[in-house]
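In this note's numbering, the protein residues as written are -18 to 767.
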Amino acid sequence: MANSQNNALTLRRVIFIFLAHALNLGFGQIRYSIPEEMEYGSSVGNIAEHLGLTARQLSARKCRLVFAEGRQYLEVNLGTGVLFINERIDREQICAQSSSCKLAFQIILDNPLEMHRGEAEILDINDNSPSFPDNAIVLQMAESIALGSRYPLESALDPDVGTNAVTGYMISANGYFALKENVREDSSKIAELLLEKSLDREDQTSFQLVLTAIDGGRPPRSGTTQITIRVLDINDNAPVFENEVYRANLEENASVGTLVTKIKAVDLDQGTNAELKYSFFKVVPETVRELFNLDPESGEIKVQGQLDYEGVKSYELDVQAVDNGSPAITGHSKVLIKLIDVNDNAPEITLTSLSGKVPEDAEPGTVVALMDVTDRDSGENGQVHCHIPLGLPFKIQSSTDHHYKITTSRLLDRETIPGFHIPIIAWDSGSPPQSTNKTIQISVSDVNDNTPRFSQSSYTLYVMENNVPGASIFALTAFDPDLDQNSYIFYSIKENRNSLVPTYLSINSMNGTIYAQHSFDYEALKTFQIQVQARDAGMPPLSSSAAVNVIILDQNDNAPVIALPSGQSGSTIVEMVSQSAGQGYLVTRVLATDADSGQNARLSYQMVQATDPTLFSVGRNSGEIRTSRSILDLDDTSQSLVVLVKDNGHPSLSSTATIHVSILGNVSEKISETSNLHSTPGYFSDINLYLIVTFGSTSVIFLLTIIFLVALKCKQDVGVVYVDGCRVSCCKDTNGPGSAPRDHLNYTATGQTAPFHDSYHYSVCLSPESSKSEFLYLKPCNASLT
-18 MANSQNNALT
-8 LRRVIFIFLA
2 HALNLGFGQI
12 RYSIPEEMEY
22 GSSVGNIAEH
32 LGLTARQLSA
42 RKCRLVFAEG
52 RQYLEVNLGT
62 GVLFINERID
72 REQICAQSSS
82 CKLAFQIILD
92 NPLEMHRGEA
102 EILDINDNSP
112 SFPDNAIVLQ
122 MAESIALGSR
132 YPLESALDPD
142 VGTNAVTGYM
152 ISANGYFALK
162 ENVREDSSKI
172 AELLLEKSLD
182 REDQTSFQLV
192 LTAIDGGRPP
202 RSGTTQITIR
212 VLDINDNAPV
222 FENEVYRANL
232 EENASVGTLV
242 TKIKAVDLDQ
252 GTNAELKYSF
262 FKVVPETVRE
272 LFNLDPESGE
282 IKVQGQLDYE
292 GVKSYELDVQ
302 AVDNGSPAIT
312 GHSKVLIKLI
322 DVNDNAPEIT
332 LTSLSGKVPE
342 DAEPGTVVAL
352 MDVTDRDSGE
362 NGQVHCHIPL
372 GLPFKIQSST
382 DHHYKITTSR
392 LLDRETIPGF
402 HIPIIAWDSG
412 SPPQSTNKTI
422 QISVSDVNDN
432 TPRFSQSSYT
442 LYVMENNVPG
452 ASIFALTAFD
462 PDLDQNSYIF
472 YSIKENRNSL
482 VPTYLSINSM
492 NGTIYAQHSF
502 DYEALKTFQI
512 QVQARDAGMP
522 PLSSSAAVNV
532 IILDQNDNAP
542 VIALPSGQSG
552 STIVEMVSQS
562 AGQGYLVTRV
572 LATDADSGQN
582 ARLSYQMVQA
592 TDPTLFSVGR
602 NSGEIRTSRS
612 ILDLDDTSQS
622 LVVLVKDNGH
632 PSLSSTATIH
642 VSILGNVSEK
652 ISETSNLHST
662 PGYFSDINLY
672 LIVTFGSTSV
682 IFLLTIIFLV
692 ALKCKQDVGV
702 VYVDGCRVSC
712 CKDTNGPGSA
722 PRDHLNYTAT
732 GQTAPFHDSY
742 HYSVCLSPES
752 SKSEFLYLKP
762 CNASLT
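Now the structure itself:
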């Protein structure tokens, strides 16, 4: 028996699935019909085919189902597009005994956002057997009860519906009672016990009957209860109601104590046998008894609970009147109560899909939310309207019945308004109308639509020369009002193919800090410009640039260089002065240069050492060396002066020049003095010695001067030349192996920062013409001569 039932159930499920696919043709929404109690994973249909998509498209667009009840009874296999059972479906639990049971759901697709309506009709299967409220029924009947009398029996309950519900009753075989079935307004059946043969207590005092309820399933199910009938010998008239059915209309918001109707029955007996008490029959559920109260004396039915038209639209009450006889006899009637809908429910707003973030470059008309707006009331009370306040860049549109979508109405700008609180107002057409407010939040997501901005278009940077390489010298900051990756700024120095300037500096790409790659030299480079670029990390990236003007500041890092008399700081210079020179006579001039600028190049001169400090003085600013007094005979003929040249920097740098001054005596005066001195032998001897020393030193100084001039000339032209048949060699001294030590002449050109340290050796010969004159004629070396 169990195997045959399982086979029949499997066959019905196959038929239902076939019908589910057939019912989907020709409708505006996807519909399925499935039997209840299907196993987990059972296939319902291919939703990808019904949507006209492939399984890959279905997965890429993140297909999902949204059920209004919250429970996910069905699910989609994104790999195959098959709709399958995700949770046990019990029709009786979901829809109770409603004739139609449907599960509504939304099919949501992303990219682009789409919504389709789906509906699964849950078909009942015969999975419940009829059952009676009581396992045993006890009835009392007077032996004088008339033939044909009917006695209502308790109806069996079956959670199934349609053909699977109770379709008939049977009673065990007996010779007195038959069973009569009546159909209610809701198409359910109720059994009545019909007396077909008069009772005789003396013949039989009781009867034991079995009442069986059968449903219409395949195979059918059944349930039984035991009926015990006791035959009484008294009170042979049953109460009779004035109406077989009482009808009443009642508004659903009726207050407690409102009179519904009044029932009344009469009993032809007399005395206590005619005294009646009213009550609900056993078949009336306890939930209904909580809503209505039946006065046992007056028969008035009043409201005692909260009614709800949206829950139950009508009630059918079985009432009875019981007399006070012994045994008591009852009469039966029905009360039909229909509820009238009032506008007591506000519209309900249910979001089925919400895009929490909308890009700020979204085109007008972009869908940001889908929602259902429903009202549990009926008629005009259930007609709803909704709108969004003016001024917001959104609008609401009705897509299908009770379904709405919220779209953008104009372009958004996150930097102006980063998010919106959108109030949705829904109201019905009732009188007075009911309304509901719901607010949704929409964030505007950022797109890279803003270029990084510097606070200035150009910057001026001052850097002291001789800076430490690699040290931070400046920092730039750009601002980008975008968010996250779009606001991450990277800094760089724009390259210039025609310039090496960008190699002087480097920049930290993350924070804009500029570093010096080299130690700058003011004397070599005073100013330059770079272009700093700020680029964000958006896609595509945006950038801007700013000019940075770098100005090198001077530092006192160059000592004064002696330029005149020609020579280098610290060298010895020879000057000759006649003994007849008077006070203020210009002996020579010391001229120095300083590669620095400003105060660092402001020079001053002072005498730091002299053979006779009283004989010579130097101009502080001019560097001129003049005699401070007349030269006396007693003064030393060889004077040594050391002049210090100092700049005005901090700290101050200086150089010195050593000048040897040779004092030449007056020749005519010496001759006369010599003739006068011959008379004095001892003094004459001193004069001769003085003359010898004077002419000797003069010759030496003159020779040294010639050598100096030759060396100075050959320093410019290096080579070997022949002058008037005399070979003059000017050759650079390499100080190589085997070379003789030579004096080195260091020369620093004005305006240059590095001294030349090349040493040269000169060979000089005098021409024959030198014998004709007391002076030597020097001819410069010419490197072009051979």
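C-beta: ideal position from N, C-alpha, C; glycine also.
Suppose you measure from the CA of residue i to the CA of residue j; what does that come to, to the nearest Å?
i, j, result
"His402", "Pro114", "55 Å"
"Met775", "Thr193", "Any property of residue 775 remains undetermined from this structure, which presents the chain solely from -18 to 767."
"Pro594", "Leu615", "15 Å"
"Val571", "Ile640", "9 Å"
"Asp358", "Ala41", "40 Å"
"Tyr54", "Asn67", "5 Å"
"Asn218", "Leu180", "14 Å"
"Ile405", "Glu225", "52 Å"
"Ile673", "Thr686", "20 Å"
"Met96", "Ile88", "6 Å"
"Leu506", "Asn448", "13 Å"
"Val47", "Leu231", "37 Å"
"Asn629", "Glu396", "57 Å"
"Arg52", "Glu18", "15 Å"
"Ile474", "Leu693", "49 Å"
"Leu190", "His313", "22 Å"
"Tyr157", "Ser279", "36 Å"
"Gln251", "Asn305", "10 Å"
"Cys44", "Gly33", "13 Å"
"Gln512", "Gly451", "19 Å"
"Pro771", "Leu457", "The shown model of the chain, from -18 to 767, leaves out residue 771, and the question about it has no answer."
"Val339", "Gly198", "54 Å"
"Ile488", "Met352", "53 Å"
"Val558", "Tyr566", "9 Å"
Name the one or two DSSP bridge partners that residue i has.
i, result
"Phe222", "Ala246"
"Arg45", "Ile89"
"Ile369", "Answer is none; Ile369 lacks a bridge partner."
"Lys161", "Glu173"
"Thr311", "Val303"
"Met122", "Val212"
"Gln769", "Outside the modelled stretch of the chain, which goes from -18 to 767, sits residue 769, for which no answer is possible."
"Met151", "Thr193"
"Lys694", "None, per the DSSP bridge assignment."
"Tyr296", "Ile318"
"Arg395", "Arg395 pairs with nothing; no bridge assigned."
Is the beta carbon of residue i sitting closer than 8 Å to the one on residue j?
i, j, result
"Val269", "Val237", "no"
"Gly360", "Asp322", "yes"
"Asp427", "Glu341", "yes"
"Val147", "Pro111", "yes"
"Leu275", "Phe262", "no"
"Ala302", "Ala246", "yes"
"Arg211", "Asn107", "no"
"Thr574", "Ala540", "no"
"Tyr485", "Gln466", "no"
"Thr331", "Ala49", "yes"
"Thr592", "Gln620", "yes"
"Asp409", "Gln364", "yes"
"Cys76", "Ile103", "yes"
"Tyr227", "Ala101", "no"
"Met520", "Asn581", "no"
On the criterion of 16 or more Cβ atoms from any shown chain inside 10 Å, does residue i qualify as buried, or is it exposed?
i, result
"Glu166", "exposed"
"Leu64", "buried"
"Lys386", "buried"
"Glu233", "buried"
"Gly7", "In this prediction, Gly7 scores a pLDDT of 34, lower than 50, which makes its location untrustworthy; the coordinate-derived value is nonetheless stated afterwards. Counting Cβ neighbours within 10 Å, Gly7 comes out exposed, since fewer than 16 surround it."
"Thr213", "For clarity, residue 213 is Leu in the given sequence; the question names Thr instead. When all chains shown are included, Leu213 counts as buried."
"Tyr290", "buried"
"Gly60", "exposed"
"Leu684", "exposed"
Could you confirm whether any beta carbon from chain C is found closer than 8 Å to the beta carbon of residue i?
i, result
"Val300", "Note that chain C does not occur in the displayed structure, where there is just one protein chain."
Tell me, to the nearest whole angstrom, how far the beta carbon of residue i is from that of residue j; I am working on the premise that it is less than 8 Å.
i, j, result
"Leu298", "Ala343", "Actually they do not touch by this definition, with Cβ atoms about 59 Å apart."
"Leu176", "Gly129", "7 Å"
"Gly532", "Tyr443", "Looking at the sequence provided, one finds Ile at residue 532 rather than Gly. Sure, about 5 Å apart at Cβ, within 8 Å."
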